[in-house]
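Protein chains: 2
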Amino acid sequence: MGGDFGPSVTVPAALRALQAHDDLSLILVGDEPQINALLSGASATLQQRLEILHTSVCVEDDCKPESVLRKSKESSMFLSVNLVKEARADACVSAGNTGALLLAGRHLLKTIPGISKPAIIANIPLYEDQRQAYILDVGANVTSPASQLHEFAIMGSILAATVDSIANPRVALLNVGHEEHKGTTQIREAAKLLEQTSSINFVGYIEGNEIFSNKADVVVCDGFAGNVTIKTSAGVVKVLERLLKAQADKGLFSWLMTLAAAPMLRRLRKQIDPVQFNGASVLGLQGIIVKSHGHAQVQAFYYAIEQAFKEVTDCVPQLISARMNELNMNQGN
Amino acid sequence: MGGDFGPSVTVPAALRALQAHDDLSLILVGDEPQINALLSGASATLQQRLEILHTSVCVEDDCKPESVLRKSKESSMFLSVNLVKEARADACVSAGNTGALLLAGRHLLKTIPGISKPAIIANIPLYEDQRQAYILDVGANVTSPASQLHEFAIMGSILAATVDSIANPRVALLNVGHEEHKGTTQIREAAKLLEQTSSINFVGYIEGNEIFSNKADVVVCDGFAGNVTIKTSAGVVKVLERLLKAQADKGLFSWLMTLAAAPMLRRLRKQIDPVQFNGASVLGLQGIIVKSHGHAQVQAFYYAIEQAFKEVTDCVPQLISARMNELNMNQGN
């Protein structure tokens, strides 16, 4: 029910995901009449792998996060996360209120032992290399002590190694310079912790202008810096797209330019399209939650389901849990 | 002597600035033989408004900032700032080590009463409106309490109102959302302070994706967030420029595209060129210091001199000082 478009986006995206994966089953949690209306065209084969869990209550986007707990056991968001808790679902995908989703996640699923708080991880397109890197946290925590930045590094590293099959992922700390004395106390302390962690390939500090240049597979920062980073990037891309279109529309050789620029813009848009990079995982919980942008369209929400599917296949929470255990045992020795 | 290119950039930029302004005189502080070699082609009329203050000592880019004070009274940077202190110059422009420049500035010029620490202010191009906004701090302070964010807002507001002649500049706080409960304690407290300051047109929170969209004339944040924001933006622009060039080089209609895309790219580059936006003022000192990018070329360093020239003409430090006095008196009443 979440996001700007509700079932009109999530239901078609669900059908697309079912079509892509024979071994996927989905439970749609929300208003049954609305959902059913959107399922009328779907084939019986697909519908066999679909189940509806009806509720007419939902958490609004502008609610304070706490409202999800007050409306507990009734809202579609709470019910969805609860399905994961009760092992009736392997993952939950939502385009709803981020704060509420995090709160429901922490309340119902609990964090993995050794992880103090969950983090939201987002993708960074490495434009020239047709791959992606990760950045976390991008908004679950506005400030983070060194120990938490260290946890983010561990979790991001595991996600890159499993979901993206990157051997020995390079982990960097976002900072305002490369020199040792740069940055906040938290960042400098986190650097020390990371240097001491043999299971992490820590490559040092990274600056904002370098994150798209394939210098790191995982960029670690607090949720404030991460949120500003991804939103600023999206803002610049949007402005440049509009500028390009405007430029293509005028000029001396306008007919030539329109003819020539159209395929160029189309390809460029495909390469920079944030839609391709939707699906921010909430890491650190004893269960899988993927957060879609609120403004996601069908294809983007489909990618968020894909992300959840991959994390289930790769057993991401179990891997994080095992790594935290290992680190804990090493410290005990 | 500072920056990646030293006098080979700063001297030609100085000559360009002298040519642009009949009422400008410049003192070049650095290695006299090197400077003289670069002045040989300059007209006698220009040279009349040029003076050289010789020193062979300079602060290296990779030095710890403190080295400027240890090498004090000898380095070109220290001498330049000292010229402002001794009122022999109205402003200092440098492409050297930022930390050292800040330290020399605070040590020699002192902050304006009521301003706890200086801030570095950078320009944000508002692409579609052919104007600029300001963002501060972008790196002088990695963390800032609410009172300091409040000071940044006052200083940025004065700069926008004077140098850019914007009536009643809109001031926004960079945050991870628009809702009142979003962000760090410092930001939420700064919002309250700003709401109580009648001389500031506070328009609320702004997100990273909105800063280029002409929603604010002054964006206020701590130096960490500001630094990440401007560097990330520069990084995205650079990647997109390269992507565009690569796209223009291939494709079915490659000859058509090259023909058509060339002027488009040229115009686009001009619009997004960070060179046009060089010259970050250090605000809050009892004197004017403008910091150029270390990698600035002649045109970019010329813009930094222009920025200093405007601030002298507009008496920016005096205006900040007067406003701080007013606020202080109002609080006293």
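Line order of the protein sequences matches chains A and B.
Taking numbering that gives the first Met the number 0, the leading residue of the first sequence gets 0, the next gets one more, and so forth.
Taking numbering that gives the first Met the number 0, the leading residue of the second sequence gets 0, the next gets one more, and so forth.
The C-beta atom is built at its ideal place from N, Cα and C for all residues, glycine as well.
Beta-bridge partners of residue 110 of chain A (DSSP): A/284. Contact fails between the segment 9–21 of chain A and the segment 97–110 of chain A, because fewer than three Cβ pairs, one in each stretch, are under 8 Å apart.
Boundaries for residue 206 of chain A: no alpha helix (DSSP H) harbours it, and the DSSP string shows neither H nor E there. For the options B/224, B/319 and B/9, the alpha carbon positioned closest to that of residue 206 of chain A is the one of B/224. Contacts with chain B at 8 Å (Cβ-Cβ) include residue 236 of chain A. Contact between the segment 62–75 of chain A and the segment 41–50 of chain A is not established, with fewer than three Cβ pairs separated by less than 8 Å.
Contact with chain A is found for residue 63 of chain B, since one of that chain's Cβ atoms lies less than 8 Å from the residue's Cβ. Per DSSP, residue 234 of chain A has no beta bridge partner at all. Residue state for residue 50 of chain A is assigned as strand, using DSSP reduced to three classes.
Of A/93, A/235 and A/189, the smallest CA-CA separation from residue 277 of chain A is found for A/93. With a contact defined as Cβ atoms closer than 8 Å, residue 159 of chain B and residue 165 of chain B qualify at about 5 Å. Taking the C-beta atoms as reference points, residue 152 of chain A is found no nearer than 8 Å to residue 56 of chain A.
In the three-state scheme derived from DSSP, where H, G and I count as helix and E and B as strand, residue 199 of chain A is classed as coil. The Cβ atoms of residue 2 of chain A and residue 291 of chain A sit closer than 8 Å to each other. Residue pairing for residue 169 of chain A: DSSP places it in a beta bridge opposite A/200. Of the other Cβ atoms in all chains shown, 16 or more fall within 10 Å of the Cβ of residue 117 of chain B; this residue is therefore buried. Residues are counted here when their Cβ sits less than 9 Å from a Cβ of chain A; for the segment 206–220 of chain B these are 206, 207, 208, 209, 210, 211, 212 and 220, given in chain order.
Residue 146 of chain B counts as exposed, since fewer than 16 other C-beta atoms from the protein chains shown sit within 10 angstroms of its C-beta. Buried is the label assigned to residue 76 of chain B, since at least 16 other Cβ atoms lie within 10 Å of its Cβ.
Under the three-state reduction of DSSP output, residue 23 of chain A falls in the coil class, being neither helix nor strand. The C-beta of residue 232 of chain B comes closer than 8 Å to at least one C-beta of chain A. Beta-bridge analysis with DSSP links residue 91 of chain A to A/288. Residues of the segment 128–158 of chain B that bring their beta carbon within less than 7 Å of a beta carbon in chain A comprise 138, 141 and 142, in sequence order.
No Cβ of chain A is located within less than 8 Å of the beta carbon of residue 122 of chain B.
In this structure, the beta-carbon distance from residue 228 of chain A to residue 183 of chain B does not fall below 8 Å. Here residue 155 of chain B carries a helix assignment [DSSP, helix/strand/coil].
Per DSSP, the continuous alpha helix (DSSP H) segment holding residue 32 of chain A begins and ends at 31–38. Rounded to the nearest whole angstrom, the C-alpha separation of residue 43 of chain B and residue 141 of chain A is 58 Å.
Nearest to residue 238 of chain A by alpha-carbon distance, out of B/284, B/301, B/312 and B/210, is B/210. Contact of residue 183 of chain B with chain A by beta-carbon distance below 8 Å involves 141, 142 and 223. Proximity of residue 180 of chain B to chain A, defined by a Cβ-Cβ separation below 8 Å, is satisfied.
The residue among A/61, A/11 and A/31 with its C-alpha nearest the C-alpha of residue 40 of chain A is A/11. Between residue 313 of chain A and residue 161 of chain A, the C-beta spacing is below 8 Å. For residue 306 of chain A, the uninterrupted alpha helix (DSSP H) run begins and ends at 297–312, by DSSP.
Under a 10 Å Cβ-count criterion, residue 189 of chain A is classified as buried, with 16 or more other Cβ atoms of the shown protein chains found around its own Cβ. Taking residue 155 of chain A as reference, the option from A/121, A/85 and A/203 with the minimal CA-CA separation is A/121.
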